[in-house]
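Student: Here you go, one structure.
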Amino acid sequence: MAEHASKVTFRVQRYDPEKDSQLHMQEFTVPTKRGTTILDGLIYIKENLDSTLAFRTSCRMGICGSCGMLVNNYPHLACHTQIEEFHSNVITVKPLPNAPIIKDLAVDLMPMFDRHKSIKPFIIRNDEDEMAKPTREYEQLPDEVEAFEQFSYCIKCGICVSACPTSASDAKFLGPQALGQCYRYCADSRDAGAKERLEIADSNHGAWHCHLAGACSEACPKGVDPAFAIQLLKRKMAVQSLGGGRKEKPAEIYPPPTETKPKIQVPPFTVKK
Amino acid sequence: MFRTRLRLLFLLSAVGTAVFLGIHMAVQHLNNVLATGELDPTSWASTIGRATQSGWVVIYILLLVFALYHALYGLRGIILELTTSEKALRAVNWLFIVGGVIVFIWASYVPLALMSSR
Ligand code: FES
Chain X
0 MAEHASKVTF RVQRYDPEKD SQLHMQEFTV PTKRGTTILD GLIYIKENLD STLAFRTSCR
60 MGICGSCGML VNNYPHLACH TQIEEFHSNV ITVKPLPNAP IIKDLAVDLM PMFDRHKSIK
120 PFIIRNDEDE MAKPTREYEQ LPDEVEAFEQ FSYCIKCGIC VSACPTSASD AKFLGPQALG
180 QCYRYCADSR DAGAKERLEI ADSNHGAWHC HLAGACSEAC PKGVDPAFAI QLLKRKMAVQ
240 SLGGGRKEKP AEIYPPPTET KPKIQVPPFT VKK
Chain P
0 MFRTRLRLLF LLSAVGTAVF LGIHMAVQHL NNVLATGELD PTSWASTIGR ATQSGWVVIY
60 ILLLVFALYH ALYGLRGIIL ELTTSEKALR AVNWLFIVGG VIVFIWASYV PLALMSSR
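Protein chains in written order, with numbering that gives the first Met the number 0: chain X, 0 to 272; chain P, 0 to 117.
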């Protein structure tokens, strides 16, 4: 460790379904220096103090969304959160709430992914041939990208769902992640599937069940602002239910077929298979 | 978009309740400011007197409709958060529909009966 190294106590929630009947806390002393993240601390524990500690991580740079956990009782990405931020010598680390625990800090995010899948998080088009075998890109202007860009930064870490008080009380609630992504695709000018998606968000446990606590937006480590997306989604649903909504066709492929150059021929294989 | 329409009605009923309850409260308690000429608008006689005028009957019945819908829909939302059982929710829906209709008939009967006995 560097010269300015100091020590911090990590209080980590442990639970092994094969051994433990209850959750319990375990303390570890971890050396830190300037810039040490919560994830660095956990990796130190795993490598030097207790190799049985379970947590999820992959990119270590706030991209993959694997390392969401409760640090000092607030959800954070462990790799994106420095120990210094807490101005404390004791750091409490627990798994994300509103998700079943698999082991220690690793939670099961499958229910969230299932809800995400249920809102059809992909571009829906009527030109099925083009969708199956794309020939070109769809035309989209910068303004049209701006309409959904912020919401497309979602890394599906589950932090918004863990912060949401409605998700805590209603296990069937679609949740800020899925509803935010529902708006993201409905707002995409290339998409023609808003109608079917809005029907899904119109369920008993859908968009209208959001109480606008705003906890999701506050906790989101990527600045996605799911609460705002849900408000925009509600507006879209209200307009649609009154017979309004987007009338123009989804974006066409660009450039149009007649202006494209012939494709470059792929040379034949020089090595026999 | 059935649930969205129900939600929009919920918002509309909030506005309706605020307007008609506002009229009711103003007439009851701002007698001096509005100079309605009534000595005591909160007395039994004044209340019965208003209930025999068709304009007031319409206002009271609309207030009843809006307040009843707003209250029952809001309560349903709270119950929905406490249970995820679709069966229980269906039972609550029917209970509120039937209960709401009974309360509406019961509560609107009084001013209607008074008005027709005028
Ligand atoms: S490890 Fe990928 S977001 Fe933290």
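Each residue gets a CB set at the ideal place from its N, CA and C atoms; glycine is no exception.
Small disclaimer: the values here were computed from a predicted structure and weren't measured.
Indicate whether at least one CB of chain X lies closer than 8 Å to the CB of P:LEU79.
Tutor: Within the second sequence, numbered from 1, the residue matching residue 79 of chain P stands at position 80. At least one chain X Cβ lies under 8 Å of P:LEU79.
Student: What is the DSSP secondary structure of X:MET109, counted as helix, strand or coil?
Tutor: Working through the first sequence from its first residue, we reach residue 109 of chain X at position 110. In the structure shown, the three-state DSSP call for X:MET109 is helix.
Student: Is there a C-beta anywhere in chain P that falls below 8 Å from the one on X:GLN180?
Tutor: As a working note, residue 180 of chain X is residue 181 in the first sequence. Residue contact check for X:GLN180 against chain P: no CB pair falls below 8 Å.
Student: Can you check the segment 202-239 of chain X for any alpha helix (DSSP H) of at least 4 residues that lies completely inside it and give the ranges in chain order?
Tutor: 214-218
Student: Three-state secondary structure (DSSP) at P:GLY98?
Tutor: The residue given as residue 98 of chain P occupies position 99 in the second sequence. The three-state reading of DSSP puts P:GLY98 in helix, counting H, G and I together.
Student: Please determine whether the Cβ atom of X:LEU52 lies at a distance below 7 Å from any heavy atom of the ligand FES.
Tutor: For the purposes of this step, residue 52 of chain X is taken as residue 53 along the first sequence, with counting starting at 1. No, the Cβ of X:LEU52 stays beyond 7 Å of every heavy atom of the ligand FES.
Student: Hey, out of X:ILE158, X:GLU143 and X:CYS215, whose CA is closest to X:CYS63's CA?
Tutor: In the first sequence, the residue the question calls residue 63 of chain X occupies position 64. Nearest Cα to X:CYS63 within the set X:ILE158, X:GLU143 and X:CYS215: X:ILE158.
Student: Which residues neighbour the ligand FES when neighbourhood means a C-beta less than 7 Å away from any of its non-hydrogen atoms? List them by chain order.
Tutor: X:LEU38, X:THR56, X:SER57, X:CYS58, X:ARG59, X:MET60, X:GLY61, X:ILE62, X:CYS63, X:GLY64, X:SER65, X:CYS66, X:LEU76, X:ALA77, X:CYS78, X:HIS79, X:ILE154 and X:CYS156
Student: Identify whether X:MET24 lies in helix, strand or coil by the three-state DSSP scheme.
Tutor: Taking the first sequence and counting its residues from 1, the one referred to as residue 24 of chain X is at position 25. Residue state for X:MET24 is assigned as strand, using DSSP reduced to three classes.
Student: List, in order along the chain, the chain X residues whose C-beta lies closer than 9 Å to that of P:LEU7?
Tutor: By one-based count along the second sequence, residue 7 of chain P stands at place 8. Neighbours of P:LEU7 on chain X, chain order: ALA237, SER240 and LEU241.
Student: Straight-line CA distance for P:PRO40 to P:ALA112?
Tutor: Within the second sequence, the letter at position 41 stands for residue 40 of chain P. Within the second sequence, the letter at position 113 stands for residue 112 of chain P. Distance between the alpha carbons of P:PRO40 and P:ALA112: 21 Å.
Student: Can you tell me which of X:GLN21, X:LEU41 and X:PRO254 puts its alpha carbon nearest to the alpha carbon of X:PHE27?
Tutor: Looking up residue 27 of chain X in the first sequence gives position 28. Among X:GLN21, X:LEU41 and X:PRO254, the Cα nearest to that of X:PHE27 belongs to X:LEU41.
Student: Grab the span of the alpha helix (DSSP H) containing X:ARG183 for me, first residue to last.
Tutor: In the first sequence, residue 183 of chain X corresponds to position 184, counting from 1. 174-185 is the extent of the alpha helix (DSSP H) around X:ARG183.
Student: Go through its chain and collect everything with a Cβ distance to P:GLU37's Cβ below 7 Å, but skip five positions before and after it.
Tutor: Along the second sequence, read from residue 1 onward, the residue named residue 37 of chain P stands at position 38. Counting only Cβ-Cβ distances below 7 Å, and skipping sequence neighbours, we find ASN30 and SER45.
Student: Can you list, in chain order, the stretches of the alpha helix (DSSP H) that have 4 or more residues and sit fully within the segment 2-61 of chain P?
Tutor: 30-33 and 43-50
Student: With 8 Å as the threshold, decide whether the Cβ of P:LEU94 is near any Cβ in chain B.
Tutor: Absent from the structure: chain B. Protein chains present are X and P.
Student: I need the boundaries of the beta strand (DSSP E) containing X:SER5, first residue and last residue.
Tutor: Working through the first sequence from its first residue, we reach residue 5 of chain X at position 6. Unbroken beta strand (DSSP E) run through X:SER5: 5-13.
Student: Could you check whether the Cβ of P:LEU88 sits closer than 8 Å to any Cβ belonging to chain X?
Tutor: By one-based count along the second sequence, residue 88 of chain P stands at place 89. With 8 Å as the cut-off, P:LEU88 counts as an interface residue toward chain X.
Student: Report all residues from its chain with a CB closer than 8 Å to the CB of X:VAL238; omit the five preceding and five following residues, and keep chain order.
Tutor: Mapped onto the first sequence, residue 238 of chain X falls at position 239. If we look at X:VAL238 and ignore the five residues flanking it on each side, its Cβ neighbours are GLY244.
Student: Just the chain X side, please: which residues come within less than 8 Å of P:MET0 by C-beta, in chain order?
Tutor: Taking the first residue of the second sequence as position 1, residue 0 of chain P is located at position 1. Those are LEU197, GLU198, ASP201, MET236, GLN239 and SER240, listed as they occur along chain X.
Student: Are X:CYS215 and X:CYS163 closer than 8 Å when you measure CB to CB?
Tutor: By 1-based counting over the first sequence, the position of residue 215 of chain X is 216. By 1-based counting over the first sequence, the position of residue 163 of chain X is 164. In contact: X:CYS215 and X:CYS163 (Cβ atoms closer than 8 Å).
Student: Report the residue from X:PRO249, X:VAL106, X:GLU198 and X:PRO16 whose alpha carbon sits nearest the alpha carbon of P:THR3.
Tutor: As a working mapping, residue 3 of chain P is identified with position 4 in the second sequence. Ranking the options by Cα distance to P:THR3, first place goes to X:GLU198.
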